[in-house]
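Peer 1: Once you've had a glance at the structure underneath, I'll fire off some questions.
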Amino acid sequence: MTDHTHHDTAKRNPLLKAAQEEMTKFERKENEFRKKDREERAAELRLPLDAIKVH
516 MTDHTHHDTA KRNPLLKAAQ EEMTKFERKE NEFRKKDREE RAAELRLPLD
566 AIKVH
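All letters in the sequence shown, in the order written, are residues 516 to 570 by the working numbering.
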């Protein structure tokens, strides 16, 4: 049973790593999109974005 569990874990690890890498890429793109969107909306409303602390 231990060999079976080890084999399943070994098969999952590459998949888990790939999923984590894809999630990291997605989060990076999402953050870039939100930043750009925020900047565009601030420009439309003529808000001083530098004066406002944005995380």
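Don't be surprised by glycine CBs; every beta carbon is placed ideally from N, CA and C.
In whole angstroms, what is the alpha-carbon distance linking residue 559 and residue 539?
Peer 2: Taking the straight line from one Cα to the other gives about 30 Å.
Peer 1: If you run the structure through DSSP and keep just helix, strand and coil, what is residue 563?
Peer 2: It is coil, neither helix nor strand.
Peer 1: Is it buried or exposed, residue 532, if we count other Cβ atoms within 10 angstroms and call 16 or more buried?
Peer 2: Label assigned to residue 532: exposed.
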